[in-house]
Amino acid sequence: MITREEISLIGKFNKPHGINGEISATINAPLDVKEDCSCIVCDIDGIYVPFFINEVRRKSQDNLLITVDGINNEQEAMTLVNRDIYALSRDYNAAITNEDELPVNFFTNFKTVINSDYKGSIIDIDDSTANVLFVISLDNGHQVLIPAVDNFIRDIDIDNKIIEFNVPHDLLDL
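Each residue of the sequence shown is one higher than the one before, counting from 217 in my numbering.
Here you go:
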(Lines of atoms letter the chains of each structure in order from A and count residues from 1; the text may use other names and numbers.)
(Lines give C-alpha, C1' and ligand atoms only; values in the text may rest on other atoms or scores of the structure.)
Protein backbone atom coordinates (compact mmCIF):
# COMPACT_ATOMS: atom_id res chain seq x y z
CA MET A 1 0.00 0.00 0.00
CA ILE A 2 1.35 3.41 -0.96
CA THR A 3 1.38 6.06 1.78
CA ARG A 4 1.49 9.88 1.54
CA GLU A 5 5.07 9.86 2.83
CA GLU A 6 6.19 7.75 -0.16
CA ILE A 7 4.99 10.15 -2.88
CA SER A 8 5.77 13.63 -4.21
CA LEU A 9 3.33 15.94 -6.00
CA ILE A 10 4.42 16.51 -9.61
CA GLY A 11 1.33 17.82 -11.41
CA LYS A 12 -2.35 17.53 -12.20
CA PHE A 13 -4.54 15.80 -14.76
CA ASN A 14 -6.54 18.17 -16.93
CA LYS A 15 -9.06 16.73 -19.40
CA PRO A 16 -9.40 13.74 -21.73
CA HIS A 17 -7.84 14.08 -25.17
CA GLY A 18 -9.62 12.03 -27.79
CA ILE A 19 -11.62 8.85 -27.30
CA ASN A 20 -8.87 6.28 -26.55
CA GLY A 21 -8.18 7.16 -22.89
CA GLU A 22 -5.44 9.71 -23.44
CA ILE A 23 -5.57 12.56 -20.94
CA SER A 24 -3.75 15.89 -20.81
CA ALA A 25 -1.67 16.66 -17.75
CA THR A 26 0.31 19.59 -16.41
CA ILE A 27 3.62 18.50 -14.91
CA ASN A 28 5.39 20.96 -12.61
CA ALA A 29 8.52 18.95 -11.90
CA PRO A 30 11.91 18.68 -13.55
CA LEU A 31 11.57 15.10 -14.66
CA ASP A 32 10.72 12.99 -17.68
CA VAL A 33 7.57 11.19 -16.55
CA LYS A 34 7.99 8.26 -18.96
CA GLU A 35 11.70 7.74 -18.27
CA ASP A 36 12.02 8.70 -14.60
CA CYS A 37 8.79 7.33 -13.06
CA SER A 38 8.10 3.64 -12.59
CA CYS A 39 4.45 4.72 -12.23
CA ILE A 40 2.37 7.77 -11.42
CA VAL A 41 0.02 7.82 -8.45
CA CYS A 42 -3.41 9.41 -7.86
CA ASP A 43 -5.56 9.68 -4.75
CA ILE A 44 -8.71 7.71 -5.56
CA ASP A 45 -11.20 7.80 -2.67
CA GLY A 46 -8.42 8.18 -0.09
CA ILE A 47 -6.24 5.40 -1.51
CA TYR A 48 -3.06 6.14 -3.44
CA VAL A 49 -3.42 4.13 -6.64
CA PRO A 50 -0.48 3.54 -9.01
CA PHE A 51 -0.97 3.91 -12.76
CA PHE A 52 1.60 2.49 -15.14
CA ILE A 53 2.44 4.73 -18.07
CA ASN A 54 1.99 3.39 -21.59
CA GLU A 55 2.76 6.49 -23.61
CA VAL A 56 3.62 10.16 -23.15
CA ARG A 57 3.44 12.83 -25.83
CA ARG A 58 4.62 16.38 -25.23
CA LYS A 59 1.96 18.99 -26.01
CA SER A 60 3.93 22.01 -24.69
CA GLN A 61 6.69 22.71 -22.16
CA ASP A 62 4.58 21.71 -19.13
CA ASN A 63 1.64 19.91 -20.79
CA LEU A 64 1.75 16.25 -21.70
CA LEU A 65 -0.71 13.79 -23.19
CA ILE A 66 -0.53 10.60 -21.13
CA THR A 67 -1.92 7.11 -21.68
CA VAL A 68 -1.93 4.72 -18.71
CA ASP A 69 -2.82 1.06 -18.20
CA GLY A 70 -6.49 0.51 -17.42
CA ILE A 71 -7.73 3.78 -18.94
CA ASN A 72 -8.95 2.90 -22.43
CA ASN A 73 -11.68 5.39 -23.32
CA GLU A 74 -12.85 8.93 -22.73
CA GLN A 75 -15.26 7.97 -19.95
CA GLU A 76 -12.52 6.16 -17.98
CA ALA A 77 -10.19 9.13 -18.54
CA MET A 78 -12.86 11.43 -17.04
CA THR A 79 -12.32 9.70 -13.66
CA LEU A 80 -8.85 11.29 -13.52
CA VAL A 81 -9.84 14.86 -14.45
CA ASN A 82 -8.51 17.45 -11.94
CA ARG A 83 -6.73 14.84 -9.84
CA ASP A 84 -3.26 15.53 -8.51
CA ILE A 85 -0.48 13.44 -10.00
CA TYR A 86 2.22 12.07 -7.72
CA ALA A 87 5.46 10.23 -8.38
CA LEU A 88 7.00 7.75 -6.01
CA SER A 89 9.44 9.80 -3.94
CA ARG A 90 12.28 7.37 -4.66
CA ASP A 91 11.79 7.92 -8.41
CA TYR A 92 11.40 11.68 -7.99
CA ASN A 93 14.45 12.00 -5.74
CA ALA A 94 16.61 9.97 -8.14
CA ALA A 95 15.51 12.12 -11.08
CA ILE A 96 16.01 15.50 -9.46
CA THR A 97 19.29 14.73 -7.74
CA ASN A 98 20.68 14.46 -11.24
CA GLU A 99 19.63 18.11 -11.74
CA ASP A 100 21.94 20.97 -10.79
CA GLU A 101 19.27 22.67 -8.68
CA LEU A 102 16.28 21.26 -6.84
CA PRO A 103 12.93 23.02 -7.31
CA VAL A 104 11.90 24.79 -4.10
CA ASN A 105 8.53 22.98 -3.93
CA PHE A 106 10.49 19.72 -3.57
CA PHE A 107 11.06 20.65 0.09
CA THR A 108 7.38 20.83 1.08
CA ASN A 109 6.77 18.46 4.03
CA PHE A 110 10.47 18.38 4.96
CA LYS A 111 11.18 18.57 8.69
CA THR A 112 13.17 21.61 9.77
CA VAL A 113 15.71 22.52 12.43
CA ILE A 114 16.25 26.28 12.74
CA ASN A 115 19.36 27.58 14.53
CA SER A 116 19.53 24.23 16.40
CA ASP A 117 16.65 25.51 18.59
CA TYR A 118 13.37 25.42 16.71
CA LYS A 119 11.87 22.34 15.09
CA GLY A 120 8.99 22.20 12.65
CA SER A 121 8.11 21.36 9.07
CA ILE A 122 7.72 23.17 5.78
CA ILE A 123 4.00 23.34 5.09
CA ASP A 124 3.98 25.57 2.02
CA ILE A 125 6.04 27.66 -0.38
CA ASP A 126 5.10 31.32 -0.80
CA ASP A 127 6.14 32.31 -4.30
CA SER A 128 3.71 35.21 -4.67
CA THR A 129 6.60 37.70 -4.74
CA ALA A 130 10.11 37.73 -6.19
CA ASN A 131 11.40 36.56 -2.79
CA VAL A 132 10.35 32.92 -2.46
CA LEU A 133 9.70 31.92 1.16
CA PHE A 134 9.47 28.65 3.06
CA VAL A 135 6.32 28.66 5.22
CA ILE A 136 7.31 26.72 8.32
CA SER A 137 5.00 25.51 11.05
CA LEU A 138 7.01 25.20 14.26
CA ASP A 139 6.32 22.49 16.82
CA ASN A 140 5.42 25.24 19.34
CA GLY A 141 2.45 26.24 17.14
CA HIS A 142 3.95 29.38 15.59
CA GLN A 143 4.61 29.94 11.92
CA VAL A 144 7.73 31.54 10.46
CA LEU A 145 8.72 32.57 6.97
CA ILE A 146 12.30 31.95 5.86
CA PRO A 147 13.63 33.13 2.51
CA ALA A 148 14.49 30.22 0.22
CA VAL A 149 18.13 31.21 -0.27
CA ASP A 150 21.33 29.19 0.02
CA ASN A 151 22.75 31.58 2.66
CA PHE A 152 20.21 30.41 5.26
CA ILE A 153 20.47 26.66 4.56
CA ARG A 154 23.09 24.89 6.65
CA ASP A 155 22.39 21.29 5.57
CA ILE A 156 19.89 19.26 3.53
CA ASP A 157 19.31 15.58 4.23
CA ILE A 158 17.22 14.39 1.28
CA ASP A 159 16.98 10.77 2.47
CA ASN A 160 15.50 11.73 5.86
CA LYS A 161 13.70 14.84 4.52
CA ILE A 162 15.31 17.31 6.93
CA ILE A 163 16.61 20.84 6.29
CA GLU A 164 18.76 22.66 8.83
CA PHE A 165 18.60 26.45 8.70
CA ASN A 166 20.89 29.06 10.19
CA VAL A 167 19.05 32.40 10.15
CA PRO A 168 19.38 35.68 12.06
CA HIS A 169 17.25 35.55 15.21
CA ASP A 170 15.62 38.87 14.25
CA LEU A 171 14.15 37.17 11.19
CA LEU A 172 12.29 34.71 13.42
CA ASP A 173 10.64 37.55 15.33
CA LEU A 174 8.91 39.02 12.26
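Ideal Cβ positions, reconstructed from N, Cα and C, are used throughout, including at glycine.
Just so we're clear, the structure is a prediction, and the values are computed from it rather than from any experiment.
Query	Result
Looking at C-alpha atoms only, which residue of N236, S276, D278, T242 is the closest neighbour of N270?	N236
Assuming P246 contacts I239 under a Cβ cut-off of 8 Å, what Cβ separation, rounded to an integer in Å, is found between them?	About 21 Å separates the two Cβ atoms, so there is no contact after all.
Whole angstroms is fine: what's the gap from S254's alpha carbon to S353's?	32 Å
Consult DSSP for I235 and reduce its assignment to one of helix, strand or coil.	coil
Less than 6 Å between C-beta atoms, sequence neighbours within five positions excluded: which residues of the same chain meet that for I339?	V351, S353
T219: buried (16+ other C-beta within 10 angstroms of its C-beta) or exposed?	exposed
Just the Cα atoms here: how many angstroms apart are V329 and R370?	10 Å
Return the chain-ordered list of same chain residues with a C-beta closer than 7 Å to the C-beta of I372, the five sequence neighbours on each side being excluded.	I379
According to DSSP, is Q277 part of a helix, a strand, or is it coil?	coil
With distances taken Cα to Cα, identify the nearest neighbour of Y308 among N321, H385, N288.	N321
Does DSSP put D248 in a helix, in a strand, or in coil?	coil
Which one of S344, G234, K250, R299 has the shortest CA to CA distance from Q291?	G234
Does the Cβ-Cβ distance between Y334 and L225 come in under 8 Å?	no
What would DSSP say about D254, mapped onto helix, strand or coil?	For clarity, residue 254 is Ser in the given sequence; the question names Asp instead. Looking at S254 - three-state DSSP - the assignment turns out to be coil, as it is neither helix nor strand.
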